[in-house]
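The block underneath contains the structure these notes are about, expressed in structure tokens.
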Amino acid sequence: MAPSPESTDVLVIGWGLAGLVAAGAAAAAGKRVVIVDQEGRPDLGGQAWWSFGGLFLIDSPEQRRMGVRDSLDLARQDWFGTAGFDRPEDDLPRQWAEAYLDFAAGEKRSWLRQLGVRFFPVVGWAERGGYTATGPGNSVPRFHITWGTGPGVVAPFQEAVEHGERAGRITILPRHRVAVLTVEDGVVVGAEGDVLADSPVPRGAASGREVSGSFTVRAGATIVASGGIGGNQDLVRSQWPARLGTPPAAMLTGVPAYVDGAMLGVAAGAGARVINGDRMWHYVEGIRNWSPVWPDHGIRILPGPSSVWLDATGTRLPSPLFPGFDTLGTLAHLRATGHDHSWFVLSQRIVEKEFTLSGSEQNPDLTGKDIPLLVRSRLGRGAAGPVRAFLDRGADFVVRDTLDALLDGMAALPGGDALDRERARYEIVARDREMGNDFTKDAQIALLRSARAFRGDRLVRTAAPHRILDPGAGPLIAVKLHVLTRKSLGGIHTDLDARALDAHGSPIPGLYAAGEASGFGGGGMHGYRALEGTFLGGCLFSGRAAGRAAARSV
Ligand SMILES: Cc1cc2nc3c(=O)[nH]c(=O)nc-3n(C[C@H](O)[C@H](O)[C@H](O)COP(=O)(O)OP(=O)(O)OC[C@H]3O[C@@H](n4cnc5c(N)ncnc54)[C@H](O)[C@@H]3O)c2cc1C
């Protein structure tokens with residue numbers, strides 16, 4: 025016998041950050057809310073829980089205290105230079121970008137602070153670009169790390185939802201996987217799907233897919249907040265754009281398996297238009313997790329700018345494809361090399377200062393708000409604990425005292441036979457030779473010196489320029505890097521009220537979308553590329569818009 029259908033004002037599909045924010049906003053507007061998610065309760069918070077908690081803010085007190093002069097105009101210049109909007113369907117994504125920039129320059133920080141969110145005082149400089157002023161990249165540091173990382177961002181929204189649950193206004197249904205959006209007379213009136221059997225796995229681990237029943241929820245408004253496609257390598261490959269070459273035969277997965285993209289197909293089945301599916305944000309500095317949680321689990325190195333970047337053959341990447349400068353430019357370049365991997369070559373001195381690993385669990389000091397540990401690991405001698413663990417146990421790390429031994433070690437790893445050792449040696453020795461003067465033609469070295477004019481980089485992010493082969497800076501380290509899937513930049517086409525649009529651009533009554541499922545707003549507010557730290561913020565902004573608009577509609 026089918027269970028009796030739940031009936032509610034607002035149905036939210038997915039309890040990631042966007043879903044939590046949307047549910048909280050709808051409940052705050054006095055509406056009854058049901059949240060369904062295909063996973064078990066330990067996964068509440070979705071990807072955001074795993075995230076580093078980096079948030080894009082414009083002209084914040086943290087920036088000003090670090091001597092950074094930022095402005096809405098400068099950020100807009102950077103955003104649009106990075107996005108490269110060029111499609112007719114980019115009209116609403118552009119409008120979302122404008123609205124999001126206003127949010128990031130305005131109430132975003134004060135709203136979060138009022139909810140108890142705090143920021144690490146040193147602002148990070150992600151996606152530095154390296155082109156001209158109107159090209160892609162952040163002209164200034166804008167990556168604000170949340171004190172408590174991802175769990176610190178999730179906490180106030182989870183608390184609000186759980187408070188609503190205790191008060192009887194919000195119902196949370198785990199292991200409920202939506203298979204169909206129910207459409208009656210052109211109106212979305214809820215969703216139907218499978219109840220999945222209990223499958224007690226740790227947070228992030230792939231859970232069972234055995235079906236134990238079915239469900240129906242009828243709702244006045246339905247919000248799709250189901251995330252992107254990064255956990256589904258088949259989907260990533262099928263949507264891989266020609267401008268990024270061919271998809272890698274081997275890559276790592278940077279998100280849990282539940283980021284499966286299936287719900288986007290379900291939304292399309294109900295008439296929603298999914299746009300910009302070929303715009304994705306994958307990293308080129310992925311390393312295999314020595315302690316994997318989800319299938320093919322990769323971790324992203326958030327690299328400081330000093331490592332020498334070699335392709336699989338040992339040829340140095342061209343300017344400005346330096347670590348942390350241009351994610352997709354580097355990806356496109358590497359895909360043209362005919363190999364799936366590349367290499368960082370660096371010194372112990374660089375790894376100590378510059379290697380940060382993305383993810384809440386890789387930063388126990390920031391995630392645990394542990395100041396003594398933070399001082400020891402970020403300012404003390406030696407690599408931070410999680411980085412040390414990779415140096416000791418990571419399959420992609422080679423640590424040796426001499427260049428010959430390092431090159432041998434690189435060649436011995438799978439795929440290492442592609443390495444032309446003499447070419448690699450030539451590149452490293454030539455780079456070091458450029459250290460002889462205070463001025464140089466080597467753009468990376470020049471940019472290192474300029475980066476250290478920013479106090480944050482000098483303090484915790486950019487090692488004092490030195491010869492990689494200086495024995496005093498050793499041992500030498502090589503890291504084999506893989507492509508790592510992460511974010512979908514496209515998604516369900518939405519207007520500024522997060523209403524899902526059909527193929528003609530008309531709102532589908534009863535249907536809303538938020539977070540990564542909506543390309544963080546509009547179906548792709550980032551355009552082709554992102555400035556970083558903009559995804560969590562996109563979930564906050566679009567989730568709130570969807571929750572408020574859905575509440576107004578019922
Ligand atoms: C390691 C890591 C580090 C990151 N660091 C940062 C950072 O520093 N800054 C930043 O801005 N961003 C970062 N991100 C990206 C950011 O965390 C995500 O883009 C964002 O959290 C996505 O949230 P969401 O709510 O849209 O979707 P998700 O968190 O993916 O949640 C979607 C939910 O929907 C559920 N679902 C899907 N389909 C169905 C269905 N059919 N039925 C029922 N439920 C369904 C899923 O189970 C899931 O729980 C990081 C991500 C990761 C993984």
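Residue numbering for the sequence shown follows our numbering, starting at 25 and increasing by one per position.
Idealized CB from N, CA, C, for every residue including glycine.
For residue 447, no beta strand (DSSP E) encloses it; the enclosing alpha helix (DSSP H) starts and ends at 445-457. If you check the C-beta of residue 200 against ligand 1, you find a heavy atom less than 7 angstroms away.
In the three-state reduction of the DSSP assignment, residue 212 falls in the strand class. The three-state reading of DSSP puts residue 374 in helix, counting H, G and I together. Within the DSSP secondary-structure output, residue 518 pairs in a beta bridge with 524. When rounded, the separation of the alpha-carbon atoms in residue 130 and residue 82 is 8 angstroms.
The shortest C-alpha to C-alpha distance from residue 256 to any of 288, 249, 192 is the one to 288. By the Cβ rule, the stretch 301-312 does not count as touching the stretch 428-437, because fewer than three pairs are nearer than 8 angstroms.
For residue 185, the enclosing alpha helix (DSSP H) covers residues 173-190. As DSSP reads the structure, residue 246 sits in a beta bridge with 35, 535. Partner residues in the beta bridge of residue 80, as assigned by DSSP, are 167. For residue 512, the three-state secondary structure derived from DSSP is strand.
In the DSSP assignment, residue 90 is bridged to no other residue.
Between ligand 1 and residue 287, a heavy atom-to-CB distance of less than 7 angstroms is present.
Here residue 335 has 361, 366 as same chain residues with Cβ atoms under 6 angstroms from its own Cβ, once five neighbours each way along the sequence are excluded.
Taking 7 angstroms as the cut-off, one finds no heavy atom of ligand 1 near enough to the beta carbon of residue 151. Classified as exposed, residue 315 has fewer than 16 neighbouring CB atoms from the shown chains inside 10 Å of its CB. Shortest gap from the CB of residue 282 to any heavy atom of ligand 1: under 7 angstroms. Listed in chain order, the non-local C-beta contacts of residue 459 below 8 angstroms within the same chain comprise 469, 489, 490, 491, local neighbours out to five positions each way being set aside. A straight line joining the alpha-carbon of residue 479 with that of residue 34 spans about 47 angstroms. The straight-line gap separating the alpha-carbon atoms of residue 402 and residue 293 is approximately 49 angstroms. Sorting 172, 232, 96 by C-alpha distance to the C-alpha of residue 145 places 172 at the top. Shortest gap from the CB of residue 276 to any heavy atom of ligand 1: 7 angstroms or more. Residue environment for residue 394: exposed (fewer than 16 other C-beta atoms within 10 angstroms of its C-beta). Annotated as proximal: residue 78 and residue 169, with beta-carbon spacing under 8 angstroms.
Secondary structure of residue 472 (DSSP, three-state): helix. Leaving aside the five residues that flank residue 473 on each side, the residues in its chain whose CB is nearer than 7 angstroms to its CB run, in chain order, 489. With respect to the 8 angstroms criterion, residue 551 and residue 114 are classified as neighbours on the basis of their beta carbons. A residue is called buried when at least 16 other Cβ atoms come within 10 angstroms of its Cβ; residue 461 does not meet this threshold and is exposed. Beyond the five residues adjoining it in sequence on each side, residue 437 comes within less than 6 angstroms, by CB distance, of 504 in the same chain, given in chain order.
Judged by the Cβ position, residue 171 fails to qualify as a neighbour of ligand 1 at the 7 angstroms threshold, every heavy atom of the ligand being at least this far. Taking C-beta separations shorter than 7 angstroms and ignoring five residues to either side along the sequence, the partners of residue 141 in its chain run 170, 176, 177, 180, following chain order.
The C-alpha of residue 45 lies about 15 angstroms from the C-alpha of residue 138. Take the alpha-carbon of residue 542 and the one of residue 476: they are about 38 angstroms apart.
If the five residues before and after residue 322 are omitted, its C-beta is found closer than 7 angstroms to the C-beta atoms of 276, 277, 278, 310, 311, 312, 313, 506, 508, all from its own chain and listed in chain order. A Cβ-Cβ separation of about 7 angstroms places residue 519 in contact with residue 531 under the 8 angstroms criterion.
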